[in-house]
Amino acid sequence: MTRLLLLALALAGCRIETAAPAQGPAATVEGPAAGELWVYTSMYRHVLDALEPLLTTALPKVTVRWFQGGSEKVAARLQAELTAGGSPCDVLLTSDPFLYRRLANEGRLARTVSPNGVRTPRALVDPDGHWESVRVSTMVLTHRAGDPPPPSFAALLEPGLRGEVVIGDPLTSGTAFTWAVDMERRFGPDFFQRLRANGARIAGGNAAVLQKIEGGEAKVGVVLLENVLAAKARGSPVEVAWPSDGAVLVPGPVAVLGSSRNPRAAKAFVDVLLSHEGQRLIRELGDMHGVDPRQPGPRGLDGVEALLSRSAPFDEALLERGLREGAALKGRLTAAFSR
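Under this note's numbering, the residue at position 296 of the sequence shown is numbered 323, and the numbers go up by one with no gaps.
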């Protein structure tokens, strides 16, 4: 079934009924949204707290249960449960687009689409209908206020920044891993060996990267835009530097598992996230871009279409590269930074 047909079905009403597709079962949405719903997510806890009153109002008969953690932690738990025979997870909401592609390839995701997401830019939606984005995180550069901004990701390899670069850990962070895949696509499989030879260090998560910049232990960091914006709002002396060779988009997809025991509530949950109010809360409290092009970006930035124009393409080739080269990339990175 083509994506256009899926969109037509969604716009015709709030029910989607399909025959069993070639990949992934169809989401069954008959009946009222009620009962228990398990959501596995990497969304920040304070954003979830803000979403709960909206969910209670929109879905009064649904009890949402959360398993919240980093993308890698969520993926590990879900994989362990699926390997053991099944997971209670109904909805997956993380920032690891490669996980969604793998699950779709394995036939584990339902095909469904929210009518609230019809304006989402096509680059942020699975053309086969297995997932759609509800937020966009962005990997950028950061530096201390008053210092010259780094011009590009390519500049991280230049002698002028020797020993002055700190990055997050792609082995534990889904967003850092997406950045790593993009860097190897641009600069070759020896990128991390060259980066390490130039004195770059791994600091851990985004918060640790910012601490190194704030404390003057490094001049340039690779970090999520949302973390820099939140830090600036707290008074931290850090600034965003938009790389001239393109920021790295990390879509935050949402998907309904084909094994969901409550697909009606799962689809209704996705509709709430993509509603105007759901997008506003994600943008304002998460400091992330939403996917509705009618809304502005976080902290007064331009909206998602402007973000796409100043970022490297997120496309099928990048997804396939991450699946195909992911294990080898992690091996190369480990070898480079274990010295």
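Cβ atoms here follow ideal geometry from the backbone N, Cα and C, with glycine treated the same way.
Please state whether DSSP places residue i in a helix, a strand or coil.
{"i": "tryptophan 206", "result": "helix"}
{"i": "tyrosine 127", "result": "helix"}
{"i": "histidine 73", "result": "helix"}
{"i": "glycine 248", "result": "strand"}
{"i": "arginine 30", "result": "The predicted position of arginine 30 is uncertain, since its pLDDT is 43 and thus under 50; a value taken from the coordinates is nonetheless stated next. Three-state result, arginine 30: helix."}
{"i": "arginine 321", "result": "coil"}
{"i": "arginine 189", "result": "coil"}
{"i": "threonine 199", "result": "coil"}
{"i": "glycine 113", "result": "coil"}
{"i": "proline 280", "result": "strand"}
{"i": "valine 386", "result": "In this structure the chain extends from 28 to 366, so residue 386 is not present and cannot be described."}
{"i": "arginine 326", "result": "helix"}
{"i": "glycine 243", "result": "coil"}
For residue i versus residue j, is the C-beta distance shorter than 8 Å?
{"i": "arginine 74", "j": "valine 161", "result": "It should be pointed out that residue 74 corresponds to valine in this sequence rather than to arginine. No, the pair does not count as a contact, with Cβ atoms beyond the cut-off."}
{"i": "phenylalanine 214", "j": "alanine 363", "result": "no"}
{"i": "proline 178", "j": "serine 271", "result": "yes"}
{"i": "tyrosine 67", "j": "leucine 105", "result": "yes"}
{"i": "leucine 237", "j": "glycine 226", "result": "no"}
{"i": "serine 122", "j": "valine 277", "result": "yes"}
{"i": "valine 265", "j": "valine 167", "result": "no"}
Could you give the distance in angstroms between the alpha-carbon of residue i and the alpha-carbon of residue j?
{"i": "glutamate 211", "j": "leucine 345", "result": "10 Å"}
{"i": "alanine 292", "j": "alanine 181", "result": "45 Å"}
{"i": "serine 302", "j": "leucine 120", "result": "16 Å"}
{"i": "tryptophan 65", "j": "aspartate 319", "result": "25 Å"}
{"i": "valine 283", "j": "glutamate 63", "result": "14 Å"}
{"i": "alanine 60", "j": "valine 89", "result": "6 Å"}
{"i": "glutamate 352", "j": "threonine 84", "result": "44 Å"}
{"i": "threonine 205", "j": "arginine 223", "result": "18 Å"}
{"i": "alanine 274", "j": "leucine 251", "result": "10 Å"}
{"i": "leucine 308", "j": "tryptophan 158", "result": "21 Å"}
{"i": "threonine 165", "j": "alanine 258", "result": "15 Å"}
{"i": "threonine 169", "j": "leucine 188", "result": "13 Å"}
Tell me where the alpha helix (DSSP H) around residue i begins and ends.
{"i": "glycine 349", "result": "343 to 364"}
{"i": "histidine 303", "result": "303 to 313"}
{"i": "alanine 293", "result": "290 to 300"}
{"i": "leucine 222", "result": "218 to 224"}
Going by DSSP, what residue range makes up the beta strand (DSSP E) through residue i?
{"i": "threonine 165", "result": "159 to 171"}
{"i": "alanine 230", "result": "228 to 231"}
Tell me, which residues are paired with residue i by DSSP?
{"i": "serine 338", "result": "Ala274"}
{"i": "threonine 68", "result": "Gln95 and Leu120"}
{"i": "alanine 268", "result": "Leu168"}
Does the Cβ of residue i lie closer than 7 Å to at least one heavy atom of the ligand COA?
{"i": "leucine 345", "result": "The model on display carries no ligand, and the ligand COA is accordingly not part of it."}
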